[in-house]
Structures are given as structure tokens and as C-alpha cells.
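Protein chains: 2
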Amino acid sequence: MKSRDGSDLWAFFEPRSVAVFGSLKDGMGLGYGLIKNILDFGFTGKVYPVNPSYSEVLGMKAYPTVNQIADPVDLAVVITPPSTVPTIIEECAQKGVKAAVIVSENFADAGGDGAELQQRLVDITTHSSIRIIGPNTVGIFNAANGFTTIPYPFGYDKVRKGGIAYCSQTGVVLPQCQPLEDRAYPVSKMCDVGNKCDVNEVDLLNYLADDPETKVVAMHLEDVKDGRSFMDAARRLVARKPLLIFKPARSEAGARASASHTGSLAVNDRIYDTAIRQTGAIRVNTWQEYWDIPKVFAYQPLSTGNRVAIISHSGGAGVVATDVAVESGLAIARYSDATLDKLAKLSPRLAGNPIDLGPPLSLTDDPLSLQEEVISIVLHDAKVDCATIVLYVGTMAPISYIVEMFDRLLKRVSKPMTVWFYGTSLALIEEVSRQLEGLGVPTYTDQETAVKALGALVRYSGFKRGIE
Amino acid sequence: MKSRDGSDLWAFFEPRSVAVFGSLKDGMGLGYGLIKNILDFGFTGKVYPVNPSYSEVLGMKAYPTVNQIADPVDLAVVITPPSTVPTIIEECAQKGVKAAVIVSENFADAGGDGAELQQRLVDITTHSSIRIIGPNTVGIFNAANGFTTIPYPFGYDKVRKGGIAYCSQTGVVLPQCQPLEDRAYPVSKMCDVGNKCDVNEVDLLNYLADDPETKVVAMHLEDVKDGRSFMDAARRLVARKPLLIFKPARSEAGARASASHTGSLAVNDRIYDTAIRQTGAIRVNTWQEYWDIPKVFAYQPLSTGNRVAIISHSGGAGVVATDVAVESGLAIARYSDATLDKLAKLSPRLAGNPIDLGPPLSLTDDPLSLQEEVISIVLHDAKVDCATIVLYVGTMAPISYIVEMFDRLLKRVSKPMTVWFYGTSLALIEEVSRQLEGLGVPTYTDQETAVKALGALVRYSGFKRGIE
């Protein structure tokens, strides 16, 4: 068995040269699509189209086989009919290609002949040094160096660069399927591992633990190939950065469904639950949590404690936040006497936590200044470790005011916080969210996830304090 | 104690004449704002501004007191300083005004003197026939007749008319604070009950049970004033239409927070949980579920059983749907032999449930036709009671195609279904969702809620079959 330290994954994420196997039909072929994506995205390495039916594509020479390429090739991306794939991979291995992403499907995911074809790929990896991601995957997206193996169209350059690595066992959460520009998730790397005939979650955990661009890892997985290696790798990563795991196929029926599309085996979900907890990783339970909770780690410092301040324009929203905070392991902060004095001077209605800004704001001529003052006083309280804030965005509190307010606040205080916006316009909510995250304040489209994210941050912060 | 059959709430939702008490300052005063909203929204009854400092506003005569209005008044809306409110309500009661919405805050929500002021209001309701909603509320929104008591600006006429009544104990979920136009929730009526000094959840349940425009009731409440009356009213409503209850203040800290903004008392959450279940109502647990789950009832027929078909473009999404389906009480349908034969002829990869459309669509020249054929075959299977469908929207599957496909499908088969869209553009996802709901197919912004909604529908359908 080859080393599993993940160091050999660089050829997938940062290849110097890529050979693309697939249809080069103008505008239609997936090989053509991938080459176009690679060029548009700004990849600066060498690209070699490989297809015996073409001599040229997009101004580049096409090669009949990989052997005809004189220079070394780091990565092969294969999008050809399944029956042709083992020979292509064998030839790549012989040439010394370091890594291959097999986009083609109908291998173990289809069962029968497909499973046999996949076994031939496994055999190649055992008697050569080539590493394989897939088959049945769209592979790699690396925001840092502008490289992708996804053959489908999308404005890959519009993804916000940042600290979150998203890994999954499905392609539906990669950039060709998700509103990454609109949501502005701050991405370092993405990877769909597909059928995991070779590279699996353990390799990724090891690679991403060492990746300087990745601050937090969100991993969707339907099964684990080797429980002990997984736990070792997860522990190693968690010692350096937070790990969030979305593990569906919780139910028996879900596990059967997983087996039918990836060839995975079912394991009692409680075993996963215990294992994940033991490593210090945090389990998330929905796609929304998979996408949104990592943002708090990408943008915010760790927390020095679990005492949360809840500031809201709405008493009703404050109650909801309080419930979710308690259920997420947060303690409702008791403000210091000095803070209570300052708040009482502003309004007798501001004594509690959660703070309901609604009544005092409706009684003042300058609600925006009062709001900022209250948030500032509370964030400065030494008895407050973190905060979740509910804000209105709209004509009475425009985006520019909100962004400027946080710009001022962030210059004076650095404590973890999350924000949930409400208002009558989705477009405004989405725009203020993007701008605020540009300042490093994570925002949420639903209140419960905003609070849960803070709970996850506090839990990981406590875990880190315990082991340091 | 007055009758609690809810029949006397008509004056709140369908007044023939309204007196507005509040500041009439041009463009700034909340009384002015409310009158403008009422006029803009298309209310056809009479409006009487009441304010001794004005003789005219917006082309209407203003009255110094309610006694000066010669004609009868059905509803008073009061937005004046708290200390002035009891006298105004007393005068309204003497004139025979049937109902009053008190928007003003700082009553029991503020404690102290405010609680005493609120008691004076309660006293008035016990020795007169006037009914009160509030204080500390924005009151009423009635999409059917174009009437609202909300004084804040918003395009009230842009709310989609439909079958959902949303009731809450907070104003933050009313139209002045939520993207109702963008989300196109189909609304019959909305009501924020505020401090509930008189009208409470029991009155609303009784009124909405009889309301022909309301097909489903979603109710947010932090406390229940009278458990036995509540259960009786909930049972009566549930016998006619579904009831979804979002009951925060689950935690002790949450209940304390609730007490501080509405003057409510805490009760062990398990008591609520059991009581809600016993009435046949369905408890929801987040704002998102409060908003989104009712749509399935507003748009879809009840289900004849719990066997769900899961159709998806993504194996990974199919697994997630399977988990949530099982956890929501759905059974994963086993297709009939005839269905399996038809599907096998289209592709050997289509045998299972969930169906992963991904592989077969990638192998055909006409994926859109194949997708429609598969959905149609599955929906026609007598062993399938309902379906949840995951679809891509974007350049390869434009909105017009999706809407036309469902238009054709709905002409041939009527089974409950929910749809979750994914794609690279939020704007496209939002637009196709609005258009598809225009055809009566509920759509969801996250997959888990799409499946949970179907689970809620199936549960209520079973409840109805059991008692009929």
C-alpha cells in the first residue's frame, strides 16, 4: 500500500501540466469544455488535449495518445467512455503521469461490468505510482491557482477566494451546480472524490491539514473506507484547523441509496457519530449547515469562552436565538454592572440578554447611532465572549450604513460574531451579506444557522484550549 | 368572559370603517404611514384620521376625538404614547367601536407602569364589548381584501394571494420585515398578536378555522394563555385544515427572554410538545420551516399514503432526501414491475428509488425529454403516493422548459410533490420557484425542507383519514 500522508496530492491541485482526454467537439465535447474552463480560469501551466480524432483544438496541438507528449505530465483528466479508461490510465502510469481524475461514470456506481472496470483501475494503482481521484467525479476546483477539472461551464473566476475547503462524495456541491458567486463563499479548494477507487477522505484530510490556504475543512461523505486511518487523519487535522463533517446515509434506506450510486457499504450511523465526536470534528446535518457553518471559522477568530450576547431588532427573534444558543452549548452572557449601567442610561428597556433593540430604537430620533452604541458597549464587555446579531436592512438602514458601522466596530473590538439580516428584499439581503463578509463578518440566510455556527466555533475553541 | 368562538374577529380583518390614532406628520408620522398604506393597498372602506392637532391629512378630514365621527366605526388602530391609550380605548368602547389594534409598545412588554397600563386595557375589555389585538403589535394583514394595520412602508399589494394564514407573537415575520414579494408565499391573512391582552391564539384558531380563504394555518407562539381552550380550538381547526405550530421559548433561557418582551410565563416545553401532538397539529422548529412547510398544504392535494418517490439529478442529493424522508415518516416507494420495466427500457441505471437521473441524462442526446418521461412514469405508478424532485435550473434546463414540463405533467397526474432546485444563479432559482408555484408546485430553497414538507403533508393526510 502506498503512503497515505497526502503529500502526493499536489499533482491534483497544483499540476504544472495537464493532459485532457475526451471529446474535443467544438463547444459541445466535455474535453473541449474542460480545456476552455482551464484556460478561462487562468491556469498558467501546460495543457495537452489528447484525442486521436483531432490534430488541434482552441489553438493547441492535440495528441493521439499520452505517449506522444514529449514533456512530463503531472495530471491526466479522463472523460472518455468507461471501457477505454483502464487503457488510458495504464498508458498514463507508464509515462509517469503522477495523478489522474476520472470524470467518466458507470464504474462501481453502475455495478456489474462497471465494478470490474473499476477493479482494473485499482490494480493499476497498486503496481504503479499513479494516484486516481474518481471515477464518477468532477474532481478538483482550486480557487488559489485558478485550476479546475470540471468540464461544465461556469464563471469559475467569480468564486471568492478564501479559507474553506469543501470536499464531497458528490458533484452537486461543486461550482458548476451552486450559486457560489451570489453567495460568495470564501473557497480555498474543492474536491469531489466520486467512487474513491484510490484517493479518499483520508488522503484529503492529510493534504488539507498541511494546506496553508485552508483554514477550515467541510467534508461531505457517505462512507469511510478505513475507520482507523480516517480517525487518525481527522485527529491530525483537527489539531491544526476545524473539521466539519456532513455524513448522510444515516438511515438504512439512505445507506442503500448511497451503495447504489457510489458502491459504498453501510455502517451503523451511531458508529460514525461516536467516531466523529472522538476526533474533535463537528458533525453538521444539512446541506445548508455544510455550506454556511464553515464561514464562521473562515472569517472569525476563535472564542475565549462560551458566553454569547444576543442583539436583535425583534423580541421574537431574540427568543429563537436564545433557544438555539442554549441547544448549541452557548451560555447566555450576564453583562457586567458597568455595561448594564451604560445600557440603562440609553434606555431602561436594554437591561437584558437577549437585547431587543426594537423599543428603544422606536423612541429615538437617531436609531442608527443608538444601535451602533449598544452593539459596541456589549461587544466591549469582558463578560461577553461572542455575539450573534439580528439586523434589518432596507430603506431605514441602508447597506452603506451597515458596512460602515461594522468597519468602525471591527477596528475597536475583535470577538467572534455572526449576523442574520432580515428585510423585504432578497437582493438587498444578499448584497449586504456579500459586503459584510468582505469585512470578515459571517452572515446567514437563516437565524438558526447563524447561532449554530457560533456554537460550532465555541465548541472547537474549547477543544483547542483543552489540548493546547 | 366573552365568547371565544372567534366570530367577533371579523372587525379586525374585514372592517367597513377604520379610525387611525397616531402622528399625522407628513411622510414621517406612523398614523400618516398607516393611512397611506391602507389607501395604497386598495382598502375600499372608510378611513377616519383621529388627531386633535390636524384638521386634514391626505385629503381627508381629521377628527379631534373618536366621538366626533358621526358614523359607526368598526376598527380603531392606535399608535399613540402608551399613557394616552387607555383613554382612547375607553372612548372607542363608549362609541361602540368593535375592535382595536394597539400598535403602541411599552405595556406588559416593558413591565412596571406598562403592566399597569395594560391591566387598564384588560379592564375595559371585561366591561365593554370592544376586542383588542395587542398592544405591542403591527396587527393585521389581509391579502384577500387589501387591508392592513401595519404603519411601516412596503408594497403590500405585491404579496401573492393564497391559502396560508401566518400568525405570530412578533412583528418580524410580517410583510414590512420579510421578502414576501421575492418569495411569493401565498398568503390569506397575517396577524401579530403582540402582548395578547385580549385576543390570543385561541380566538385566531377559531376565526381561521371558519375562514374560507385559509387552507392552512402557520402559528408562531411563545406561550399559550389557556391550555385547555387552546387544545379545543386547535382540534377544531385541525379537523378542517392543517395547523403548523412554531413554539420557541423551548429552553428556560428562551422562556425568560420571552417573558421579558411579551410578559409571557414559562411552561415546561415537553408539555407543549405533547399537547401540540395530541391536537393533530404539526410542530415545526425553525423560521424556515414556519415559512416554507405550509406551502405544500397551500398548493398540493392530500396524500393517499406515505410511499415517496425520490427523483434527483444527483446521487448525493438522493441519499440526503432518503435520510430525511425516513426521518419524516415517509416510506421509500417500491415501484411496480410495470414501472421498473419501463424505466429499465430507458436506462439500466434507473431501477432504484431514489432515482439518480445524472448518469442516464449524460448518455442521451435529449436529456430534457428523458427527464420528463422518467418523472411521468414514476408519478403514474399506483405504488407511489407522493414525490420529491431535485432539479437543475440553468442554461442546460431553462425556466421555460421546466415550467412547461410541469404544466404537461400536472394535466395528467395529481399527486403531492415538492421540488428543490439547484443551479449557479440565485436569481434563476428564485424566478423558477415563483413561476412553478404559480402552477401550484411548492418549491424549496433547501432540500431538507422540501422533504420535511412532504412528511408533514403525509402525516396530516393520515390523521385526516383516521378521523374521517
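As they're listed, the protein sequences go chains A and B. Just so we're aligned: 188 in the numbering used here is position 188 of the first sequence, and the numbers increase by one with no gaps anywhere. Just so we're aligned: 1341 in the numbering used here is position 341 of the second sequence, and the numbers increase by one with no gaps anywhere. For glycine and all other residues, C-beta sits at the position ideal for the given N, C-alpha and C.
query                                                                                                                                                        : result
Just how far apart, CA to CA, sit Gly1352 of chain B and Val1384 of chain B?                                                                                 : 13 Å
Using a Cβ-Cβ distance cut-off of 8 Å, determine whether Ile271 of chain A contacts chain B.                                                                 : no
At least one CB of chain B closer than 8 Å to the CB of Pro416 of chain A: is that the case?                                                                 : no
Name, in chain order, the residues that DSSP records as bridge partners for Phe246 of chain A.                                                               : A:His220, A:Val284
Determine, using beta carbons only, whether Asp1323 of chain B comes closer than 8 Å to chain A.                                                             : yes
Helix, strand or coil for Asn142 of chain A per DSSP?                                                                                                        : strand
From Phe1230 of chain B to Asn1200 of chain B, what does the alpha carbon distance come to, in whole angstroms?                                              : 9 Å
By DSSP, does Val419 of chain A sit in helix, in strand, or in coil?                                                                                         : strand
Going by CA-CA distance only, name the one from B:Gln1178, B:Thr1214, B:Asp1113, B:Val1193 that's closest to Ile1164 of chain B.                             : B:Thr1214
Against chain A, does Cys1197 of chain B count as a neighbour if the rule is that its beta carbon must be under 8 Å from one of theirs?                      : no
Just the chain A side, please: which residues come within less than 7 Å of Asn1106 of chain B by C-beta, in chain order?                                     : Pro359
For Asp223 of chain A, decide whether its Cβ has a neighbour in chain B, counting only Cβ atoms nearer than 8 Å.                                             : no
Please identify, using Cβ separations under 8 Å, the residues of the segment 176-209 of chain A that lie next to chain B, in order along the chain.          : Gln176, Cys177, Gln178, Pro179, Leu180, Glu181, Asp182, Arg183
Under 7 Å Cβ-Cβ, which residues of chain B neighbour Gln447 of chain A?                                                                                      : Trp1287
Let me know the secondary structure DSSP gives Thr443 of chain A once reduced to three states.                                                               : strand
How would you call Ile271 of chain A, buried or exposed, if buried means at least 16 neighbouring beta carbons within 10 angstroms?                          : exposed
Between the segment 1292-1306 of chain B and the segment 226-244 of chain A, do three or more beta carbon pairs fall short of 8 Å?                           : no
May I ask you to list the residues that DSSP assigns as paired with Phe21 of chain A?                                                                        : A:Val50, A:Val78
For a contact meaning CB atoms closer than 7 Å, what does Pro1248 of chain B contact in chain A?                                                             : Val319, Val320, Asp323
Which of the residues in the segment 1335-1353 of chain B, read from start to end, lie with their CB under 9 Å from any CB of chain A?                       : Pro1348, Arg1349, Ala1351, Gly1352, Asn1353
For a test of the three-state rule: what should DSSP assign to Val1187 of chain B, helix, strand or coil?                                                    : strand
Span of the beta strand (DSSP E) holding Ser1312 of chain B?                                                                                                 : 1307-1312
Please list the terminal residues of the continuous beta strand (DSSP E) segment that includes Gly163 of chain A.                                            : 161-168
Measuring straight from C-alpha to C-alpha, what distance separates Leu426 of chain A and Arg1183 of chain B?                                                : 8 Å
Give the DSSP-derived three-state secondary structure of Leu1391 of chain B in the structure shown.                                                          : strand
List in chain order: all unbroken alpha helix (DSSP H) runs of 4+ residues lying wholly within the segment 312-390 of chain A.                               : 315-327, 337-346, 358-363, 367-380
To the nearest angstrom, report how far apart Glu1056 of chain B and Gly423 of chain A are at their CA atoms.                                                : 32 Å
Sort out for me which residues DSSP pairs Tyr63 of chain A with in a bridge.                                                                                 : A:Val50
Would you decide whether Asp365 of chain A is buried or exposed? Buried here means 16 or more other CB atoms lie within 10 Å of its CB.                      : exposed
I'd like to know if Leu244 of chain A contacts chain B, where contact means its C-beta is closer than 8 Å to some C-beta of that chain.                      : no
Does the CB of Ala1257 of chain B have a neighbour CB from chain A at under 8 Å?                                                                             : yes
Give me the DSSP bridge partner(s) of Glu201 of chain A.                                                                                                     : None; Glu201 of chain A has no bridge partner.
What do you get for Ser1188 of chain B, buried or exposed, if any count of 16 or more other CB atoms within 10 angstroms of its CB means buried?             : buried
What first and last residue would you give for the beta strand (DSSP E) that runs through Phe1172 of chain B?                                                : It should be pointed out that residue 1172 of chain B corresponds to Val in this sequence rather than to Phe. Counting along the chain, Val1172 of chain B falls outside any beta strand (DSSP E), and DSSP gives it neither H nor E.
Please return the same chain residues whose Cβ sits closer than 7 Å to the Cβ of Tyr32 of chain A, not counting the five positions on each side in sequence. : Ser23, Leu24, Lys25, Asp26, Val57
Interface residues of chain B around Asp150 of chain A at Cβ under 9 Å?                                                                                      : Here residue 150 of chain A turns out to be Ile, not Asp, going by the sequence shown. The premise fails here: Ile150 of chain A is roughly 12 Å from chain B at the closest Cβ pair, so nothing lies under 9 Å.
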